[in-house]
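Residue numbers for the sequence shown follow my numbering, beginning at 48 and rising by one. Here a beta-carbon is modelled for each residue, glycine too, at the ideal position from N, C-alpha and C. Quick notes on the structure that follows.
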Amino acid sequence: MEVKATTIGKAVAKHIRSGAGDSIAVNPDVYIQFLLSDPNPLMSGQMLQEKMITQLELNNNAFAFVQNDANGMPTAIWPIVANSVEAIQDNQGNLYLKFYMPNAQTYIFPYSQVIHLRKDFNKDEIFGESNGPTLAPLMEIVTTTDQGIVSAIKNSAAVRWLLKFNTAMRPEDIEKNTKAFVASYLQTQKDQDSIGAAGVDAKTDATQLQP
């Protein structure tokens, strides 16, 4: 995704207008050319394109709001990253998009002022289909596999040795001596001169438990 976003970000956006017959004009309006190279005070055209393609790859939809001045001329393009989007219509049939933002605010913009990129455009009349239903079974398998690995690791840490102390001890002394035994003989990081055997005195019987 990062490579794709970076590659598309390096593309130079152009305003192409079709004329009479087969004639076309490239960047006929200087203000639009400037708007494409510097869409808003916070980002360049490359940054906007990278953000839009990243949203498109993640959600199969990407949105940007075209801000106009009092005369209806575009002055800025702002990408919109929302938690969810809802399509609504007024009594005249005009289409709007209602954006639910991460900060709990909501915005409603006319669809005519929104740049909407979409892919996997199939069942829904407005939005591209989400990847969620397709990825859910795969993620369930991944989660189950991860849980199996964690369970195996936990099981591998089960009790493998039983220490029987031949003298009466308080619980805290049993715990202390058990930790000392593990530190001395069962740690995986051993000196190279280790011969794989442990010596204990007559006060302790060490028995290895077989699985």
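Can you tell me the Cα-Cα spacing of residue i and residue j, whole angstroms?
i    : j    : result
D137 : K166 : 26 Å
I63  : Y158 : 22 Å
E49  : L105 : 11 Å
M90  : V229 : 59 Å
L103 : D116 : 28 Å
E264 : A151 : An answer regarding residue 264 cannot be provided, because it is not within the stretch 48 to 258 covered by the chain.
F110 : Y147 : 13 Å
I55  : L164 : 14 Å
S231 : E222 : 14 Å
P88  : G140 : 34 Å
T153 : G68  : 44 Å
D85  : V128 : 19 Å
Q80  : N118 : 18 Å
I71  : Y78  : 18 Å
F168 : T53  : 24 Å
P149 : I155 : 15 Å
G92  : D76  : 17 Å
Q239 : K51  : Note on Q239: pLDDT 48, under 50, position unreliable in the model; the coordinate value appears next. Approximately 50 Å, taken between the alpha carbons.
A244 : A215 : Below a pLDDT of 50, predicted positions are generally treated as unreliable, and A244, at 48, falls in that range; the measurement from the model is reported next regardless. Distance between the alpha carbons of A244 and A215 is about 26 Å.
I173 : S65  : 26 Å
For residue i, report the span of its alpha helix (DSSP H) as first-last.
i    : result
I100 : 92-106
P218 : 218-228
V59  : Element bounds for V59: n/a, residue is neither H nor E.
Do residue i and residue j have their C-beta atoms closer together than 7 Å?
i    : j    : result
G175 : N130 : no
K57  : V73  : no
L82  : P121 : yes
V113 : I124 : yes
T225 : L209 : no
L144 : V161 : yes
N170 : P126 : First, the residue type needs correcting, since residue 170 is Lys and not Asn in the sequence shown. Cβ atoms of K170 and P126: not closer than 7 Å.
Name the DSSP bridge partner or partners of residue i?
i   : result
A72 : R64
N87 : M90
- request: May I have a chain-ordered list of the beta strand (DSSP E) segments no shorter than 3 residues that lie completely inside the stretch 104-179?
  value: 108-115, 121-127, 131-136, 142-147, 153-157, 161-165
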